[in-house]
Amino acid sequence: MQRTERTGRLVLLLAETPLAAIVANTFLSKFPEAVILREAPEPKSDVLKRRRRLIGTTAALSQAAAGLLVRARRRGHRRRIDEICRIHDFDADWLSVAERASDVRDVASVNSDACVSALREIDPECVVVYGTRLLGTALLGAIEAPFINYHAGLTPMYRGQHPGYWALAYGDAAHAGVTVHLIDRGVDTGDVLAQARVPLHRRRDTLATFQWVQMAYGLPLLVGAAEQALRGKLTPRKAPTALPSANHLPPRLGTYVANGLRAGVW
Numbered sequence: 001m002q003r004t005e006r007t008g009r010l011v012l013l014l015a016e017t018p019l020a021a022i023v024a025n026t027f028l029s030k031f032p033e034a035v036i037l038r039e040a041p042e043p044k045s046d047v048l049k050r051r052r053r054l055i056g057t058t059a060a061l062s063q064a065a066a067g068l069l070v071r072a073r074r075r076g077h078r079r080r081i082d083e084i085c086r087i088h089d090f091d092a093d094w095l096s097v098a099e100r101a102s103d104v105r106d107v108a109s110v111n112s113d114a115c116v117s118a119l120r121e122i123d124p125e126c127v128v129v130y131g132t133r134l135l136g137t138a139l140l141g142a143i144e145a146p147f148i149n150y151h152a153g154l155t156p157m158y159r160g161q162h163p164g165y166w167a168l169a170y171g172d173a174a175h176a177g178v179t180v181h182l183i184d185r186g187v188d189t190g191d192v193l194a195q196a197r198v199p200l201h202r203r204r205d206t207l208a209t210f211q212w213v214q215m216a217y218g219l220p221l222l223v224g225a226a227e228q229a230l231r232g233k234l235t236p237r238k239a240p241t242a243l244p245s246a247n248h249l250p251p252r253l254g255t256y257v258a259n260g261l262r263a264g265v266w
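Numbering (this note's numbering), first residue to last: 1 to 266.
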């Protein structure tokens with residue numbers, strides 16, 4: 001990618017996942033001096049405990065079982081993901097990030113005191129967020145800079161997790177897409193900076209690969225929003241209020257199997 005003149009300090013606040021590595025490598029090709037704060041993966045046991053508190057033990061275990069069923073097809077998913085990376089020239093390797101970046105800092109959680117202190121020390125003009133835990137009040141209030149998030153769904157209808165999957169499962173492919181938005185204290189409720197619809201194909205892709213397809217559409221929007229923020233030219237707008245707003249969670253086992261058999265969405 002052609003490099004853009006650096007116009008301000010940029011922080012990438014990322015989860016330690018392959019998709020987040022794509023974000024990091026893409027941004028570093030344009031903003032080589034960006035600082036990366038990388039959040040460690042949340043332990044599966046903590047995820048299960050949190051979901052048990054939120055929706056109850058039975059539902060949380062059912063979600064976990066659906067996740068195991070998705071991962072059972074890992075070999076097919078790997079081939080499709082490799083194909084998507086070749087087509088779009090994605091680099092999902094954190095080793096490439098280490099070679100490119102001048103400053104990568106690991107934090108246990110984005111809401112930890114260490115992460116808050118790091119943001120205050122760097123004092124960036126823009127923070128780009130991808131794949132992390134929800135940002136807490138202390139972090140959002142630590143600096144005076146926009147926090148910009150990439151969400152693999154069209155807000156407000158498809159907030160939360162696996163929005164592309166849910167759009168297809170509801171027979172609403174026209175509203176499968178991506179949103180780049182400012183972060184507020186809600187779940188994917190901040191003012192919209194850019195949106196795009198994404199053609200998702202249930203025959204070629206599944207819950208495990210939808211977000212890789214969506215990345216090709218959302219990543220250019222995320223880069224563009226960061227460039228605008230560094231130039232002080234962000235133009236946020238409210239999400240359409242005429243549309244319903246829903247926060248989605250991962251499917252439970254029965255729902256996942258039913259959607260697969262009924263609509264061919266797996």
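No residue lacks a Cβ here, since even glycine has one placed at the ideal position from N, Cα and C.
Residue i to residue j, Cα distance in whole Å?
i    : j    : result
L140 : V110 : 10 Å
T17  : W94  : 8 Å
Q228 : V97  : 24 Å
P43  : K49  : 10 Å
A152 : A65  : 23 Å
Y256 : E33  : 43 Å
G254 : L61  : 12 Å
I55  : P251 : 12 Å
V129 : A20  : 9 Å
R53  : L14  : 25 Å
A101 : T58  : 43 Å
Q269 : S45  : Because the chain is modelled from 1 through 266, residue 269 falls outside the range shown and cannot be assessed.
P236 : E83  : 34 Å
R133 : V47  : 11 Å
D113 : L135 : 13 Å
L243 : L68  : 33 Å
I148 : G232 : 13 Å
V127 : I81  : 27 Å
L234 : E144 : 14 Å
R73  : I36  : 32 Å
A246 : I122 : 35 Å
Thinking C-beta only, is residue j closer than 8 Å to residue i?
i    : j    : result
H77  : H162 : no
V198 : V213 : yes
F27  : V223 : yes
V180 : R159 : no
A138 : R120 : no
V178 : A167 : no
A225 : H88  : no
A40  : A108 : yes
If you run the structure through DSSP and keep just helix, strand and coil, what is residue i?
i    : result
N111 : coil
R119 : Looking at the sequence provided, one finds Leu at residue 119 rather than Arg. Helix, per DSSP.
Q195 : strand
I55  : helix
L68  : helix
T4   : Because the pLDDT at T4 is just 44, under 50, the model does not fix this residue reliably, and the value given afterwards should be weighed accordingly. Here T4 sits in coil by DSSP.
L10  : strand
G164 : helix
D103 : coil
R50  : helix
Once you ignore the five residues that flank residue i on each side, which residues in its own chain have a CB closer than 7 Å to its CB?
i    : result
A169 : N259, A263 and V265
L200 : G164, L168, A173, A176, F210 and V213
D205 : R80 and V213
R51  : A60 and Q63
V116 : A138, L139 and A142
If I measure Cβ to Cβ from residue i and keep anything under 6 Å in the same chain, skipping five residues before and after, which residues do I get?
i    : result
D106 : R38
A208 : V70 and H77
A239 : T155, P156 and V192
D184 : G190
R9   : P124 and E125
What residues match up with residue i in a beta bridge as DSSP calls it?
i    : result
R74  : In the DSSP output, where bridge partners are listed per residue, R74 has none listed.
A15  : E39
C85  : Partner(s): none; C85 has no beta bridge.
R80  : Per DSSP, none; premise fails for R80.
F147 : V127
T179 : H151 and Q195
Which same chain residues, not among the five before or five after residue i, have their C-beta less than 8 Å away from its C-beta?
i    : result
M1   : With a pLDDT of only 42 at M1, under the threshold of 50, the placement of this residue in the model should not be trusted; the figure read from the coordinates follows. Closer than 8 Å at Cβ, skipping near neighbours: T26, S29 and K30.
L219 : I22, V23, T26 and Y150
Within 8 Å of any Cβ in chain D, is that where the Cβ of residue i sits?
i   : result
V11 : Reference to chain D is not applicable here, since this structure consists of a single protein chain.
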